[in-house]
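In our numbering, the protein residues as written are 5 to 175.
Here it is, written out as structure tokens:
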């Protein structure tokens, strides 16, 4: 039993790690992220309770490995090499080198975002199966997605540098 305790993070370490990863300052932000009330976090800390179900769902949503969150050991991302995921599936290659570079950058920019990965995979399939007009359309859509992801990352980076909140699309 002492071996388990020695490799397991405490509830405080787990919560602090999530705050650090997500660049959160307050427990209220963390509670909102995890979908619980702030006093629930306090209860977990006081009772030294680890809510495995909450962390399981958080890890699933974020593309993280639960074992890494709980122990700090091993690989932390499910998709540490997004390109490898597609290549292993045999569905990554397109015959346009310029488009491959854009796809590589898009995947790297959104690493761990399963929704983005599924969309890129679908567009690659459509591109590979499509005629010239379809390929041009897919190339345009992937280019737009890449530009948007790149722009959002720049907005977040510049707002962090200025000490302001990132821009929101919700009005």
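Glycine residues also receive a C-beta, built at the ideal position from the N, C-alpha and C atoms.
What number of angstroms, rounded off, separates the C-alpha of residue i from the C-alpha of residue j?
i	j	result
residue 102	residue 45	48 Å
residue 119	residue 111	11 Å
residue 39	residue 149	29 Å
residue 65	residue 155	23 Å
residue 136	residue 125	19 Å
residue 19	residue 42	12 Å
residue 73	residue 158	28 Å
residue 53	residue 15	7 Å
residue 51	residue 35	17 Å
residue 24	residue 11	20 Å
residue 139	residue 98	10 Å
residue 63	residue 151	27 Å
residue 13	residue 61	18 Å
residue 1	residue 122	Residue 1 falls outside the range modelled here, since the chain spans only 5 to 175, and no answer is possible.
residue 144	residue 17	44 Å
residue 31	residue 109	33 Å
residue 134	residue 100	13 Å
residue 33	residue 21	14 Å
residue 153	residue 132	23 Å
Quick one: does residue i have its CB under 8 Å from some CB of chain C?
i	result
residue 99	Included in the structure is just one protein chain, with no chain C present.
According to the Cβ coordinates, are residue i and residue j closer than 8 Å?
i	j	result
residue 105	residue 127	no
residue 69	residue 59	no
residue 67	residue 117	yes
residue 37	residue 29	no
Please list, in chain order, all residues of the same chain as residue i whose beta carbon is under 6 Å from its beta carbon, the five residues on each side excluded.
i	result
residue 130	142
Going along the chain, which residues of its own chain have a beta-carbon closer than 7 Å to the beta-carbon of residue i, five neighbours each way excluded?
i	result
residue 55	48
### Query
Where are the alpha helix (DSSP H) runs, 4 residues long or more, that stay fully inside the segment 17-69, in chain order?
31-38, 42-51 and 56-66
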